[in-house]
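The structure appears right after this line, and notes come after that.
Residue numbers (the numbering used here): -16 to 145.
Here it is as structure tokens:
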């Protein structure tokens, strides 16, 4: 089975580099829990792409902060560390099945019936081990995000977080 294309790997790497630079600025600018939550909403699928366990660690950190079990400073420090680690991690094909299935779970709530057959068929191929569909799925999901007027969860903008 074909692995992810070099083109996709390059696009993801370029996106990661951009986000790492933006996160350096935001780490200084984020000063409260609401801003940290807003940033998480934008970053969660990027984290899932690179480090699925980091995705769950961030959820736990934010829940602990909301419950008053840890300070904002501790939550922020750890959340940003996980962001950086996720974006420096190796791209694993196994993470793509999980990531793209999660993205589809979001998109299918917003798309018309006519837009469902192709992604479902492509996800079935991906689940069967055909990673040649990863780049087409990224492209298709970008188109569907645009069509439904939603921000592309696979390529988030970190503007207006603070």
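For every residue, glycine included, the Cβ atom is placed at its ideal position computed from N, Cα and C. Model, not experiment: these values are computed from the prediction.
Collapsed DSSP secondary structure at residue i in the structure displayed
{"i": "residue 13", "result": "coil"}
{"i": "residue 32", "result": "helix"}
{"i": "residue 50", "result": "coil"}
{"i": "residue 91", "result": "coil"}
{"i": "residue -4", "result": "helix"}
{"i": "residue 70", "result": "helix"}
{"i": "residue 140", "result": "coil"}
Member of the options whose CA lies at the smallest distance from the CA of residue i
{"i": "residue 106", "options": "83, 127, 142", "result": "83"}
{"i": "residue 143", "options": "42, 9, -3, 3", "result": "9"}
{"i": "residue -7", "options": "136, 118, 11, 128", "result": "118"}
{"i": "residue 69", "options": "37, 127, 96, 135", "result": "37"}
{"i": "residue 32", "options": "123, 97, 66", "result": "66"}
{"i": "residue 3", "options": "71, 46, -9", "result": "71"}
{"i": "residue 61", "options": "39, 76, 136, 50", "result": "39"}
{"i": "residue 80", "options": "103, 127, 92, 98", "result": "103"}
Proximity below 8 Å, CB of residue i to CB of residue j
{"i": "residue 141", "j": "residue 59", "result": "no"}
{"i": "residue 48", "j": "residue 16", "result": "yes"}
{"i": "residue 41", "j": "residue 30", "result": "yes"}
{"i": "residue 131", "j": "residue 94", "result": "yes"}
Whole-number beta carbon distance between residue j and residue i, since they are thought to touch under 8 Å
{"i": "residue -2", "j": "residue 138", "result": "6 Å"}
{"i": "residue -13", "j": "residue 74", "result": "7 Å"}
(request) Report yes or no: do three or more beta-carbon pairs, one from the region 102 to 116 and one from the region 19 to 39, lie closer than 8 Å? (result) no
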